[in-house]
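When we follow the working numbering, the leftmost residue of the sequence shown carries the number 582, and every step to the right adds one. I have placed the structure first, in the form of structure tokens, so that the comments after it can refer back to it.
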Amino acid sequence: TFRTFLMYSRNDDDWGWYSHAWKYNPDGKARGTKISDMVSLQINHSLGRSMFYELKLSYLDSDNGNYLYEDPLDSRYIHDQYMRSFGPGFNTGGQEKGHTLRQLTDLTGKFDFTWQVNKNHSLKTGVLAIQHEIDYQWHQIRNKYYADADVYYNYWDPELNTYIYPNYKPELFPDSTIYGEEYLVEPRELAVYIQDKMEFNEMVINLGVRYDYFDPNTTYPSNWRNPANQLRFENNPEKMSTDLQADPKTQISPRFGLSYQLSDQALLHFSYGHFFQAPPMYAFYQNHSYLVEPTDYATETGNPQLNAQKTVQYEIGLWQELVAAMGLEVNLFYRDIYDLLSMRVVSTYNQIQYGLYTNKDYGNVKGLEIKYDIAMNRLMANINYTLQYTRGNADDPLLMFTRAGDSMDPITRLIPMSWDQRHTLTATLSYSLGNYGATMTAYYNSGTPYTWSPISESRLSRVNLYPNNAWKPKNNQFDFYGFYDIPLQKNIKMRINLLVENLLDQRSELSVNGQTGHANEAIIREIDLAQHRSTFNEYEDRINNPASFSAPRYIKLGVGILF
């Protein structure tokens, strides 16, 4: 048999994020845009009863933007002086002047071949190749008259009831400055794997190996202390940089899985594997011109010599049928994560400190997962509970760099990662009967870490506390889904469905104040109130951020035709 599938999809998205600082001037905040087109061709070909292959080819063209106006020289951009805000605590005027365009083109080919050699062995092999093209353009929109003596000249307009700053015209600086960055790169990815699935009477073994290859396909400076040759050493060429070709990143990852049937009602399984994950693209190419600003800790630079993140994972579990239609599964898992993305401090020859992405940090994850499920006629229920500990040197690549810039001690022990959630519980109850059904799902999550910081009057404020030293409050939520089918004709029916997210309209605290540990709660001092000057809001307005809580109850009613 020979089958082909051709698909085309297009997405056109435009969105904005709520920012509390821009509450009274949302039209001054940049928005996100994304237009993507994807064409894919899939071929499935059977070469007999025991062999078949699958070929997938796809082309993706994605244009991403983040800006206020698509044209960076749009005449609607205004003078930066309107951004000044002294009393209310909000950006009541001005605009975000960052302008980012990122075009990503991916050409992907994937080939998989499967051969059932005999009843005990099934071989599978394949190759994945991706050719990327990234066209990145970022500019900080500047004022053409920024160096003029009368750049801040203004006059009062009685009709508009405001001051007018006429000496403004948007201007873009080239890639050779700190106000612009442009690059076109073509990184490549390749992966090859082979595995053997061995099936015996009471045991199944999966044995395989995968080879990963990533080539950033760019150059890097030979001397990180003078990366862009901003410092001239005519008589000392060793202090000057030349362009070197970045090395490809490779890894061989073994994989092993074992499933052993203890009885008709019990199954033991074990897995072990190595996994390869290339760093995000920005970590290779950021600050592609390698210019260092003349201020300490003001520059963050990509590093094409980064290694890939390596994860070694272990898991063992037992499934047991307790009684008919009732099962219990218990899994233990552990993961070591090496070469996490970090940033080290580099000192130039004129003693300017800047950040260079590097592989330094380590993390690990360990935990227990329990699954319980039951099916009784048309009633089904399942419960999933996870106990997990996630530790690492840092969960933010910039953490060490930021602490160094703030003259804080380095972190010398493992700390909780920001996504470290001790307890998660999901319970689902479903009932269906012919033409109607309903599902109720409950979620419980213990709090994730945040960094508690004392007020300046406390003695603890003079101590360099580790980040993620406290825990946010727990949160829970109930969701409901139901449907009702109305027969129209033979094999055609109309379905009415109802989805209710956050059924009980609970307010879960997503982000908290670093001093109180709760959302929209802060320690307000007399000096804070004295410094607040506004004719339209109180100081508490700064604290009451609606984005600190989860979304309220959401109800969606839909109608569809099934045939």
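We treat Cβ as the ideally placed atom computed from N, Cα and C, and that holds for glycine. These numbers come from a predicted model, not from an experiment.
- Of the residues T876, E881 and D877, the one placed nearest S870, counting alpha carbons only: Mapped onto the sequence shown, residue 870 falls at position 289. Selected option, being the one with the closest Cα: E881.
So, for T686: in the same chain, excluding its five sequence neighbours on each side, which residues have a beta-carbon less than 6 Å away from its beta-carbon?
On the sequence shown, position 105 is the one that residue 686 refers to. The residues are D642 and E714.
**Request:** Classify W598 as buried or exposed, calling it buried when 16 or more other Cβ atoms lie within 10 Å of its own Cβ.
**Result:** Here residue 598 is taken as the residue at index 17 of the sequence shown, counted from 1. Result: exposed.
Measuring CA to CA, which of I722, K750, Y744 and P991 is closest to I759?
Along the sequence shown, one-based indexing puts residue 759 at 178. Looking at the Cα atoms, I722 is the closest of the given residues.
### Task
Can you tell me which of L1014, Y841, T939 and T993 puts its alpha carbon nearest to the alpha carbon of I786?
For the purposes of this step, residue 786 is identified with residue 205 of the sequence shown, where counting begins at 1. It is Y841.
- Message: One question on the structure: do K705 and I624 come within less than 9 Å of each other, judged by their Cβ atoms?
- Response: Residue mapping note: residue 705 aligns to position 124 of the sequence shown, counting from 1. Residue mapping note: residue 624 aligns to position 43 of the sequence shown, counting from 1. No, they are not a contact pair.
Integer-rounded CB distance, given that N974 should sit under 8 Å from Y930:
Counting from one through the sequence shown, the residue named residue 930 turns up at place 349. Counting from one through the sequence shown, the residue named residue 974 turns up at place 393. Their Cβ separation, rounded to whole angstroms, is 29 Å, which puts Y930 and N974 out of contact at 8 Å.
Provide the residue span of the beta strand (DSSP E) that contains Y792, from first to last. Start at 1 with the first residue of the sequence shown, and residue 792 comes out as number 211. Run containing Y792: M784 to D796, per the beta strand (DSSP E) assignment.
| query | Which residues mark the beginning and the end of the alpha helix (DSSP H) in which M862 is found? | reply | The residue you call residue 862 lines up with position 281 of the sequence shown. Where M862 is concerned, the enclosing alpha helix (DSSP H) stretches over M862 to Y866.
**Asked** In chain order, which continuous runs of the beta strand (DSSP E) of length 3 or greater are located wholly inside the segment 830 to 892?
**Response** DSSP assignment within the segment 830 to 892 yields the following whole beta strand (DSSP E) runs of 3 residues or more, N-terminal first: 830 to 844 and 847 to 858.
* Cα-Cα, which of V620, L872, A602 and S923 is closest to F1175? -> A query on residue 1175 cannot be resolved here, the shown segment of the chain reaching from 582 to 1144 and no further.
Nearest by alpha-carbon distance to G679: which of K610, L848, N817 and Q858 is it?
Here residue 679 refers to the residue found at position 98 of the sequence shown. The shortest Cα separation from G679 among K610, L848, N817 and Q858 belongs to K610.
- For the 8 Å Cβ check, are there 3 or more pairs between the segment 1110 to 1121 and the segment 1039 to 1059? As far as the Cβ criterion goes, the segment 1110 to 1121 does not touch the segment 1039 to 1059, which means the pair count is below three.
Q.
Rounded to whole angstroms, what is the Cα-Cα separation between H855 and L1138?
A. By one-based count along the sequence shown, residue 855 stands at place 274. By one-based count along the sequence shown, residue 1138 stands at place 557. Those two C-alpha atoms are separated by around 45 Å.
(Q) So for A730, helix, strand or coil by DSSP? (A) Taking the first residue of the sequence shown as 1, we reach residue 730 at position 149. Of the three classes helix, strand and coil, the one that applies to A730 here is coil, per DSSP.
Terminal residues of the continuous alpha helix (DSSP H) containing R1123? The residue you call residue 1123 lines up with position 542 of the sequence shown. First-last of the alpha helix (DSSP H) with R1123: E1121 to I1124.
Exercise. For S1013, name the three-state secondary structure that DSSP assigns.
Key: In the sequence shown, counting from the first residue as 1, residue 1013 sits at position 432. Looking at S1013 - three-state DSSP - the assignment turns out to be strand.
Note to self: My parser needs the beta strand (DSSP E) runs of 3 or more residues fully inside the segment 909 to 935; what are they?
What the structure shows: none
* Excluding sequence positions up to five away, which residues of its chain have a Cβ less than 7 Å from the Cβ of N868? -> Residue 868 sits at position 287 when you count from the first residue of the sequence shown. Once the five neighbours on either side are set aside, the close Cβ partners of N868 are E762, T880, E881, T882 and G883.
query: Apart from the five residues just before and just after D1066, which ones in its own chain have a Cβ nearer than 6 Å to its Cβ?
result: Indexing the sequence shown from 1 puts residue 1066 at position 485. Same-chain partners within the cutoff: N1016, K1074 and R1076.
| Q684 - partner residues in DSSP beta bridges | Position 103 of the sequence shown, counted from the first residue, corresponds to residue 684. According to DSSP, which records beta bridges pairwise, Q684 is partnered with D644 and D716.
* Asked: Where Y589 and I616 are concerned, what is the direct C-alpha to C-alpha distance, given to the nearest angstrom?
  -> As a working mapping, residue 589 is identified with position 8 in the sequence shown. As a working mapping, residue 616 is identified with position 35 in the sequence shown. Near 14 Å, if we compare the C-alpha coordinates of I616 and Y589.
With 16 other CB atoms within 10 Å as the buried threshold, where does N807 fall? Residue 807 sits at position 226 when you count from the first residue of the sequence shown. When all chains shown are included, N807 counts as buried.
Margin query: Based on DSSP bridge pairs, tell me the residues matched to A1051.
Written below: For the purposes of this step, residue 1051 is identified with residue 470 of the sequence shown, where counting begins at 1. Beta-bridge analysis with DSSP links A1051 to Y1031.
**Asked** Thinking just about the alpha-carbon of each residue, which of Y792, W737, H720 and G898 is nearest to the one in G912?
**Response** Your numbering for residue 912 matches position 331 in the sequence shown. Correcting the residue identity first, residue 912 is Asn in this sequence and not Gly. Closest by alpha carbon: G898.
Q. Rounded to a whole number of angstroms, what is the C-alpha to C-alpha distance between Q662 and V732?
A. Working through the sequence shown from its first residue, we reach residue 662 at position 81. Working through the sequence shown from its first residue, we reach residue 732 at position 151. Q662 and V732: Cα-Cα distance of roughly 10 Å.
At least 3 beta-carbon pairs within less than 8 Å: the segment 822 to 829 vs the segment 796 to 804: At 8 Å Cβ cutoff, the stretches touch.
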